[in-house]
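Shown next, in structure tokens, is the structure this report addresses.
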Amino acid sequence: MNALISFIIFGILVAIPWFGVGVLGLQSLFGIVIPYICFLVFMIGLIYRIVYWAKSPVSYKIPTTCGQHKNLASPWFKHNRLENPFTTFDVILRMFLEVVFFRSLFRNLRADLYGKRLIYGSAKWLWLGAILFHWSFFIILLRHVRLFTNPVPGIIEKLDYLDSFIQSLGVPPIYITDILILAGLTFLLLRRFIDSKVSYLSYGSDFFPLFLLIGIGVTGVLMRYYFKVDLYAVKQLTLGLATLHPTIPEGAKIGTIFYIHLFLVSSLAAYFPFSKLVHMVGVFFSVTRNMPNNNRYKRHINPWEYPIKHLSYYEFQERFKDKMIEAGIPIDEEAKPEEHKWYTMYGPNKNI
Numbered sequence: 522m523n524a525l526i527s528f529i530i531f532g533i534l535v536a537i538p539w540f541g542v543g544v545l546g547l548q549s550l551f552g553i554v555i556p557y558i559c560f561l562v563f564m565i566g567l568i569y570r571i572v573y574w575a576k577s578p579v580s581y582k583i584p585t586t587c588g589q590h591k592n593l594a595s596p597w598f599k600h601n602r603l604e605n606p607f608t609t610f611d612v613i614l615r616m617f618l619e620v621v622f623f624r625s626l627f628r629n630l631r632a633d634l635y636g637k638r639l640i641y642g643s644a645k646w647l648w649l650g651a652i653l654f655h656w657s658f659f660i661i662l663l664r665h666v667r668l669f670t671n672p673v674p675g676i677i678e679k680l681d682y683l684d685s686f687i688q689s690l691g692v693p694p695i696y697i698t699d700i701l702i703l704a705g706l707t708f709l710l711l712r713r714f715i716d717s718k719v720s721y722l723s724y725g726s727d728f729f730p731l732f733l734l735i736g737i738g739v740t741g742v743l744m745r746y747y748f749k750v751d752l753y754a755v756k757q758l759t760l761g762l763a764t765l766h767p768t769i770p771e772g773a774k775i776g777t778i779f780y781i782h783l784f785l786v787s788s789l790a791a792y793f794p795f796s797k798l799v800h801m802v803g804v805f806f807s808v809t810r811n812m813p814n815n816n817r818y819k820r821h822i823n824p825w826e827y828p829i830k831h832l833s834y835y836e837f838q839e840r841f842k843d844k845m846i847e848a849g850i851p852i853d854e855e856a857k858p859e860e861h862k863w864y865t866m867y868g869p870n871k872n873i
């Protein structure tokens, strides 16, 4: 049911620009107004998320570890820098491998119940599908920079050439990332249908982004290989959007398929800050990943620590003097009254 509802919403998103542009002729609305609004929502939402995460105090140092901690007293125990980072450089190295190569997902295991036996096995297919999608999506984003720049940077042209190095299968050349991203997304979607455990745990928020991304990929492929669009007019429109001088090229046959593609991309941008997709940014704010495990070397101060009232020895002695005498504890007659202060764990609180 979650998948069906998500697919219906996706179908409505496809029908809106098809009807709005193909029937009503609202090119300016779907080519200028909606992209700007969605981009504004994307930026405001993303900035809000980043500021909210950055302001959240970290009460405890809780990096996830599964390797040998750095031993300050016994150097013969080999320290595992990736599994138990001790310095900031170790954390950067660990985060790089996590963000670029999905290291933790590569090491992930799956559990299956065979009869009464719990069997753990490899889950490399999930890692491969995620790598295919994420890397292809990143390269496709870089390729699209050419639509917003004039002249096109040389590195983007080289990337475009490498991506389409198989040029013997027809004209226009086939992009490798077009095939890989659809393969990766198809695997991730089928996994949520075929695997009963994953299907049971899947919500509409899991299916909808996949349908949206597949729709973006399919419309992009259709524009390139089936429905021919006027690339000169498309670049004129995208350059206008990038330079804040938007205009709809007159007389150009851009095609309804382009506006469907653009509307889906705009919908994804507006949906991004409020969805699970924002983990792309949130991973850098994960306290289980971005902190070194150096508790024994450097004290972590809890920013939530509240003021605690401490008694001086004189005040303690005056309060429990009778009981101290009864217990035979000597009384320090030289103890002098001190000015009472509020203290935290780390010293006097000057704000009180």
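Residues in the sequence shown are numbered from 522 upward in steps of one, following my numbering.
Even for Gly, the Cβ is constructed at its ideal location relative to N, Cα and C.
Note that this is a predicted model, so its numbers are computed, not measured.
Asked: Taking the straight line between their C-alpha atoms, what separation do you get for residue 816 and residue 589?; Found: 14 Å
Asked: Going by Cα to Cα distance, which pick from 596, 585 and 625 is closest to residue 606?; Found: 585
Asked: Return the CA-CA distance between residue 679 and residue 664, expressed in angstroms with no decimal places.; Found: 10 Å
Asked: Between 787, 573, 742 and 743, which lies nearest to residue 762 when the distance is taken from Cα to Cα?; Found: 787
Asked: Taking residue 522 as the reference, give the member of 793, 797, 734 and 722 with the closest Cα.; Found: 722
Asked: Please list, in chain order, all residues of the same chain as residue 650 whose beta carbon is under 6 Å from its beta carbon, the five residues on each side excluded.; Found: 705, 708 and 709
Asked: If I measure Cβ to Cβ from residue 738 and keep anything under 7 Å in the same chain, skipping five residues before and after, which residues do I get?; Found: 702, 703 and 706
Asked: What number of angstroms, rounded off, separates the C-alpha of residue 799 from the C-alpha of residue 792?; Found: 9 Å
Asked: Rounded to the nearest angstrom, what separates residue 846 and residue 838 at their Cα positions?; Found: 10 Å
Asked: Spatial neighbours of residue 598 within its chain, please: CB distance less than 7 Å, with the 5 preceding and 5 following residues excluded, ordered by chain position.; Found: 589 and 592
Asked: What is the rounded straight-line gap between the Cα of residue 578 and the Cα of residue 571?; Found: 13 Å
Asked: Given a cut-off of 8 Å, decide if residue 541 and residue 534 are closer than it, judged by their beta-carbon atoms.; Found: no
Asked: Using three-state DSSP, classify residue 749 as helix, strand or coil.; Found: coil
Asked: Could you compute how far the alpha carbon of residue 653 sits from the alpha carbon of residue 776?; Found: 30 Å
Asked: Distance check for residue 840 and residue 827, CA to CA, integer angstroms please.; Found: 24 Å
Asked: If we ignore side chains and look at the alpha-carbon of each, how far apart do residue 551 and residue 610 end up?; Found: 46 Å
Asked: Could you check the C-alpha separation between residue 645 and residue 772 for me, to the nearest Å?; Found: 51 Å
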